[in-house]
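K.L.:
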Amino acid sequence: MLQFLQHLKVVLLSIPFSIIISVPIGFFISGKPKLAKIIIYICSILMTIPSLALFGIMVVVLAPVKLGIGITPAILAIMMYSLLPIIRNTYAALNSVSPRMIEAAKGIGLTGQQILFRIKLPLSIPVIMAGVRNAIVLGVSVATYASLVGAGGLGYFIFSGIGRANFLMVLSGALVVSALGIGINMLLMKVEEWLTPRGLKITPVSEERIE
């Protein structure tokens, strides 16, 4: 139970920081395609770094300030890994709004800021939330490496089980990590449904039987 709570703690501390950084960046680059290409490319490079290597890099970078071991390198590594899906989805969502709708909003006198928060943002919520869900599920799996840098978590059971050739220990750790990822994803789907404007929700149409 302690390792489960520690795993959850690492994820819940890292992902909010990633959202706070990623969503504003997505908004900022939404009207700057050249800058967006550079930012997304840099984030893509970060994603190509193997998870374990990124944790190791964080340990080395933070070692001079005596933060190389513990929860700090784990949080930073997961946060960096989570940037791409949120930034990319935010950018794509904001730029997928119909130009005709934006022109109509300008026609009724809305300012650029009003268009962003009253038109673009509500229409973009489903896609942005999809990016957040991907980032969190990714963070849950990557957080298994947190135990290797002294941050604890469910990775303890997986790596300890491998070291002891204990299949049940590895399996239990993997199953709990999977269940945690699925559970958080389902919870966020409910949050996404709650945040999505009613007009964008797809509701089943009842068919009437013609006799």
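In my numbering, the protein residues as written are 105 to 315. No residue lacks a Cβ here, since even glycine has one placed at the ideal position from N, Cα and C. A quick note: this is a predicted structure, and the numbers were derived from the prediction, not measured.
Below 8 Å on the Cβ atoms is my contact criterion, and I expect Leu150 with Leu180 to pass it. Report the Cβ-Cβ distance as a whole number of Å.
P.N.:
Counted from its first residue, the sequence shown places residue 150 at position 46. Counted from its first residue, the sequence shown places residue 180 at position 76. In fact, because the Cβ distance is near 11 Å, the residues do not count as touching under 8 Å.
K.L.:
Taking the C-alpha atoms as reference points, what is the distance between Pro230 and Gly267?
P.N.:
Along the sequence shown, one-based indexing puts residue 230 at 126. Along the sequence shown, one-based indexing puts residue 267 at 163. If I take the Cα positions, the gap works out to 42 Å.
K.L.:
Relative to the C-alpha of Val280, which residue among Val241, Thr215 and Ile153 is closest?
P.N.:
Along the sequence shown, one-based indexing puts residue 280 at 176. The candidate whose alpha carbon is nearest that of Val280 is Val241.
K.L.:
Mapping the DSSP letters down to three states, classify Lys210 as helix, strand or coil.
P.N.:
Working through the sequence shown from its first residue, we reach residue 210 at position 106. Helix, per DSSP.
K.L.:
Quick one: is Ser118 buried, meaning 16 or more other Cβ sit within 10 Å of its Cβ, or exposed?
P.N.:
Looking up residue 118 in the sequence shown gives position 14. It counts as buried.
K.L.:
Cα separation between Ser122 and Ile153?
P.N.:
The residue labelled residue 122 in the question sits at position 18 within the sequence shown. The residue labelled residue 153 in the question sits at position 49 within the sequence shown. Going from the Cα of Ser122 to the Cα of Ile153 covers about 17 Å.
K.L.:
Entirely within the segment 130-206 and at least 4 residues each: give me those alpha helix (DSSP H) ranges in chain order.
P.N.:
Runs of the alpha helix (DSSP H) inside the segment 130-206: 137-152, 155-166, 175-185 and 187-198.
K.L.:
Along the chain, where does the alpha helix (DSSP H) containing Asn289 start, and where does it finish?
P.N.:
If you number the sequence shown from 1, residue 289 lands on position 185. First-last of the alpha helix (DSSP H) with Asn289: Phe271 to Leu299.
K.L.:
Any idea what DSSP makes of Gly254, helix, strand or coil?
P.N.:
In the sequence shown, residue 254 corresponds to position 150, counting from 1. In this structure, Gly254 counts as coil in the three-state DSSP scheme.
K.L.:
Got a sec, what are the start and stop residues for the alpha helix (DSSP H) Tyr249 sits in?
P.N.:
Along the sequence shown, read from residue 1 onward, the residue named residue 249 stands at position 145. Where Tyr249 is concerned, there is no enclosing alpha helix (DSSP H), given that its DSSP letter is neither H nor E.
K.L.:
Nearest-angstrom Cα distance between Ser310 and Met290?
P.N.:
The residue you call residue 310 lines up with position 206 of the sequence shown. The residue you call residue 290 lines up with position 186 of the sequence shown. Low per-residue confidence applies at Ser310: pLDDT is 45, beneath 50, and the placement is therefore not dependable, though the value from the model is reported in the following sentence. Spanning the two alpha carbons is a distance of roughly 26 Å.
K.L.:
Note the first and the last residue of the continuous alpha helix (DSSP H) segment covering Phe318.
P.N.:
The structure shown does not extend to residue 318, since the chain is modelled only from 105 through 315, so no value can be given for it.
K.L.:
Please list, in chain order, all residues of the same chain as Pro120 whose beta carbon is under 8 Å from its beta carbon, the five residues on each side excluded.
P.N.:
Locating residue 120 in the sequence shown gives position 16, counting from the first residue. Answer for Pro120: no residue qualifies.
K.L.:
Quick check on Glu312: buried or exposed, where buried means 16 or more other Cβ atoms within 10 Å of its Cβ?
P.N.:
Here residue 312 is taken as the residue at index 208 of the sequence shown, counted from 1. Summary for Glu312: the model assigns pLDDT 43, below 50, so the residue's position carries little reliability; its value from the coordinates is reported in the next sentence. Answer is exposed; the Cβ neighbour count stays below 16.
K.L.:
Once you ignore the five residues that flank Leu227 on each side, which residues in its own chain have a CB closer than 6 Å to its CB?
P.N.:
For the purposes of this step, residue 227 is taken as the residue at position 123 of the sequence shown. So the list reads Val201, once near-sequence residues are dropped.
K.L.:
Our contact map puts Ala278 next to Ile175 with C-beta atoms below 8 Å; I'd like the distance itself, whole angstroms only.
P.N.:
As a first step, residue 278 must be located in the sequence shown, where it is residue number 174. As a first step, residue 175 must be located in the sequence shown, where it is residue number 71. That pair is no contact at about 22 Å.
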